[in-house]
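For the sequence shown, position 132 (counting from the first letter as 1) is numbered 131 according to numbering that gives the first Met the number 0, and the numbering increases by one without interruption.
Glycine included, C-beta positions come from ideal geometry on N, C-alpha and C.
Beneath this line is the structure, given in structure tokens, with notes to follow.
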Amino acid sequence: MGEGKMQSIHKTEPQMKDEHEKACIAFTGGGTGGHIYPGLAVIEELRKLGFKGRIVWIGSEKELDRSIVIGQGIEYYAIPSGKFRRKLSLRNISDLGRIASAYFRARDILKDIHPSILFSKGGYVSVPPCRAAASLGIPVITHESDASPGLATRLNSKKASLILTSWEVTAQYFPESLRSKIIKTGNPVRPDILNGDRQRGLSMLEFVAEKPVLFVLGGSQGAQEVNDIVLSSLSLLVPLVQIVHQTGRANFDEV
């Protein structure tokens with residue numbers, strides 16, 4: 000009996016490998032690069048760990064979101080997206096229709112690709128896929144990068160099997176009933192950001208080593224208020240520091 004058991008175990012090893020290679024993990028999130036890049040860092044780590052299965056991203060119809068993800072060699076499925084506005088707005092009516100459409104589109108995608116899990120990085124586009132996954136019995140993991148979770152993460156957390164956070168303090172923003180699901184993991188960061196070369200960067204920007212560098216980060220879409228503050232403060236800043244200002248595409252020419 001024991002020998003028979005051992006033989007059956009050995010026979011399943013190729014099958015397990017085959018199942019591993021056929022596995023699928025779905026990701027969702029978007030609206031801004033901040034809801035995409037940490038997810039790409041997770042995907043990069045999965046690949047380093049030897050994951051050979053299918054990886055799919057369900058995101059918004061924005062060309063920026065699509066180009067970022069496809070640029071990493073990842074399948075991309077676009078769904079309609081609508082924001083959850085807390086204030087009264089006529090746009091809430093049209094957005095409700097888009098959200099409903101996104102839910103059914105996401106459900107169809109998930110039924111077609113059969114993922115083992117859905118990993119959400121937040122953003123308003125992630126809510127319909129998370130709801131759809133939960134309705135299909137697909138486990139949902141949601142990750143929050145900010146100390147205070149956004150509305151999308153709060154909604155997704157109700158359907159999540161695990162809630163991952165970057166900060167210890169984030170747990171206090173969730174109901175007591177959900178806190179057993181919370182794990183503080185930190186924020187996923189791509190290795191190429193951690194392994195930069197200061198001298199190469201200075202040379203590329205034609206900066207000098209003796210003067211401090213101020214990096215102004217406006218996010219993938221930029222931030223108008225940040226741009227305005229920097230521009231109005233240039234006369235004070237330039238004598239003191241060398242400035243790298245990441246503006247976002249929309250404001251690049253203006254800055």
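Does the Cβ of residue i have 16 or more other Cβ atoms within 10 Å, making it buried, or fewer, making it exposed?
i: P127; result: buried
i: I35; result: buried
i: A132; result: buried
i: R130; result: buried
i: V41; result: buried
i: L48; result: exposed
i: G188; result: A small fix is needed here, since residue 188 is Val in this sequence, not Gly. The residue is exposed, with fewer than 16 neighbouring Cβ atoms inside 10 Å.
i: S147; result: exposed
i: L39; result: buried
i: V225; result: buried
i: G96; result: exposed
i: V243; result: exposed
Taking the alpha helix (DSSP H) that residue i belongs to, which residues open and close that run?
i: Y36; result: Y36 to K47
i: E62; result: E62 to I69
i: I181; result: Looking at the DSSP string, I181 is not in any alpha helix (DSSP H); the run it does join, the beta strand (DSSP E), is I181 to K183.
i: R130; result: V126 to S134
i: R53; result: Careful: R53 lies outside any alpha helix (DSSP H), inside the beta strand (DSSP E) at R53 to G58.
i: S156; result: L150 to S156
i: S231; result: Q223 to S231
Compare the beta carbon distance of residue i and residue j with 7 Å and say whether it is the shorter of the two.
i: G121; j: T152; result: yes
i: V68; j: Y76; result: no
i: K61; j: Y123; result: no
i: S134; j: P37; result: no
i: S165; j: G185; result: yes
i: F173; j: I140; result: no
i: A101; j: I78; result: yes
i: L216; j: Q171; result: no
i: G29; j: S66; result: no
What are the boundary residues of the beta strand (DSSP E) that residue i is part of?
i: Q245; result: Q241 to Q245
i: R199; result: Per DSSP, R199 belongs to no beta strand (DSSP E); it is in the alpha helix (DSSP H), R197 to L204.
i: I140; result: V139 to E143
Tell me, please, whether the CB atom of residue i is closer than 7 Å to any CB atom in chain B?
i: H244; result: Although the question refers to chain B, the structure presented lacks it and comprises just one protein chain.
Notebook entry, point to check: Three or more C-beta pairs closer than 8 Å, one from the segment 221-238 and one from the segment 190-203: is that the case here?
Noted result: no
Margin query: Is it the case that the segment 104-118 contacts the segment 21-41, given that we only count it when at least three CB pairs across the two stretches are under 8 Å?
Written below: yes
Next item on the list: Give a yes or no on contact between the segment 160-169 and the segment 177-196, applying the rule of three or more CB pairs nearer than 8 Å.
Entry: yes
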